[in-house]
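In the numbering used here, the protein residues as written are 4 to 499.
Ideal Cβ placement from N, Cα and C applies to all residues, glycine included.
Here is the structure we will look at, set down as structure tokens.
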């Protein structure tokens, strides 16, 4: 009609409906070898035919360790010790205890995690009988606890003398001593070491007491059961546990330390689930040698190598026998390595490239660094990581080591520092309890995966490999547009 070509009534071909680029298009384009950070990319939404509650976060941390929450806490002295590792495991992740401590202390931390039973306090804070009421008030304000066991030395594994509850010190002068107001041990209800949680809970219920000291045959306190904590921690269905129903925990070993083999042996004897070899540039002969030695001496031990950012680096560690790879170099919020050394790689590019070769060995990849939001976790998983390792994201929680302090503005802070020689020291804002923060992170990841149209982490990776998952690069204006903008003023909450 009128000489015009007839319109086609057939629908467009499927490839014509695609938007954006595949990860391969972006990361392996020979014309533009650019290093990308997570913020440079945005994931294209997919088709949703399931609810957010159907999204499964189960993923591999190593070849034989799976996590229901694909998050590990970094082995930094301001992030992970036993308290953090316990909380991480209860929430379905795993904590990696740092190595900036003597071997005996690190193994004791591992043992604390492995001995932990839900509801039991394995290291209660004890006080001396000569502490004054004034000192007790200051201690309460500092640590947030109200009740304390009184022991001969003021320490755990010392003879129990009594217990001081909040009401005991309310009506006495500041100079009054604990020994004069405490409930004496002969008037306390106690339980013997080795008691099970169910039996201990029954004793608490029958006695209508708030705390149940656990003592050994010598009358020394070895633990405490608190009714409030028992109620609070009743159910962690996603908890990371081994075949013996103990919480899982990993520990770091400095590759360059003279005592590295002794530390590995001690950690293995303590029951650690995985050894994480700590080295900024992981492709070196020292690390290859200790990996081979560890796999020979402890064949069932899960070994995590790194850090690496290139396929060539990764291949050397994979050939040495690692069970997982740690990816990231110089991209931590407290690292100046890129500036000072001029060597490293943007994290999104590093994760994609290392994960690609690791899949050939069926070895999972852990994205270590560059993670400051649930969206970054989603992007790391979209590029092939099966778990992420977080430092600053988890620092500042109640479970991280260190004391809180206040900025001039009144903001509550905790210290946070890097672990390498090129790291810096700073502070992060109080994030409250990990048990409130982790559900927020998990739900953000679930919503992100649902928007993409992936019901599980393996499904997400399959979509990336098959090029169904599409990405787009973001201009600086697009990045501004994707954040809070257009407001006269606003208050940003860490999480809601």
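Item                                                                                                                                   : Value
First through last residue of the alpha helix (DSSP H) which encompasses residue 352                                                   : 350 to 363
N-terminal and C-terminal residue of the alpha helix (DSSP H) that residue 295 is part of                                              : 288 to 300
Unbroken alpha helix (DSSP H) run spanning residue 86, endpoints                                                                       : 85 to 93
Spatial distance of residue 102 from residue 263 (CA atoms)                                                                            : 10 Å
Terminal residues of the alpha helix (DSSP H) in which residue 377 lies                                                                : 377 to 385
Contained alpha helix (DSSP H) runs [length at least 4] in the segment 174 to 249, N- to C-terminal order                              : 181 to 184, 200 to 210, 230 to 235
When 347, 84, 316 are compared against residue 255, the one with the closest alpha-carbon                                              : 84
Supposed contact pair residue 376 and residue 82 - C-beta distance, whole angstroms, cut 8 Å                                           : At roughly 17 Å, the Cβ-Cβ gap does not stay under 8 Å, so residue 82 and residue 376 are not in contact.
Contacts around residue 382, its chain only, beta-carbon distance under 8 Å, and the 5 residues preceding and following it disregarded : 41, 44, 46, 351
Cβ distance (whole Å) where residue 216 is taken to contact residue 224 below 8 Å                                                      : 5 Å
Cβ distance (whole Å) where residue 361 is taken to contact residue 321 below 8 Å                                                      : 7 Å
Test item: CB-CB of residue 258 and residue 282 under 8 Å                                                                              : yes
CB contact check: residue 378 to chain D, cutoff 8 Å                                                                                   : Looking for chain D here will not work: only one protein chain is present.
Span separating the alpha-carbon of residue 23 from that of residue 272                                                                : 51 Å
Chain-order list of residues whose beta-carbon lies under 8 Å from that of residue 294 (same chain, five-residue window excluded)      : 280, 306, 308, 320, 323, 324, 325
Local conformation of residue 455 per DSSP, three classes                                                                              : helix
Status (buried if at least 16 other CB within 10 Å, exposed otherwise) for residue 214                                                 : buried
Inter-stretch contact at 8 Å, needing at least 3 Cβ pairs: the segment 159 to 167 / the segment 124 to 142                             : yes
Rounded separation between residue 469 and residue 463 - CA only                                                                       : 10 Å
Test item: CB-CB of residue 106 and residue 269 under 8 Å                                                                              : yes
Which of helix, strand or coil DSSP assigns to residue 424                                                                             : Confidence in residue 424 is poor, its pLDDT being 48 and thus under 50, which makes the residue's placement unreliable; the coordinate value appears in the next sentence. If DSSP states are grouped into helix, strand and coil, residue 424 belongs with coil.
Where residue 154 falls: helix, strand or coil (DSSP)                                                                                  : strand
Residue 330, buried or exposed, once every other Cβ within 10 Å from all chains shown has been counted against 16                      : buried
Coil, strand or helix - residue 257 by DSSP                                                                                            : strand
Collapsed DSSP secondary structure at residue 310 in the structure displayed                                                           : strand
Secondary structure of residue 168, DSSP reduced to three states                                                                       : coil
Residue 135 (DSSP reduced to helix, strand or coil)                                                                                    : strand
Which residues DSSP lists as bridging residue 118, in chain order                                                                      : Its beta-bridge partners do not exist; DSSP assigns none.
Helix, strand or coil at residue 330 according to DSSP, with G and I counted as helix                                                  : strand
Nearest to residue 1 (by Cα), restricted to the options 28, 333, 440                                                                   : With the chain represented from 4 up to 499, any question about residue 1 goes unanswered, as that position is not in the structure.
Local conformation of residue 31 per DSSP, three classes                                                                               : coil
Spatial neighbours of residue 172 in its chain, beta-carbon cut-off 7 Å, leaving aside the 5 residues before and after                 : 136, 139, 184
Other residues of its chain near residue 267: CB distance less than 7 Å, five sequence neighbours each side excluded                   : 256, 278, 297
Own chain partners of residue 230 with C-beta closer than 6 Å, once the 5 adjacent residues on each side are dropped                   : 207, 213
Beta carbon of residue 449 nearer than 8 Å to that of residue 55                                                                       : yes
Cβ-based burial, residue 355 [other Cβ within 10 Å; buried from 16]                                                                    : buried
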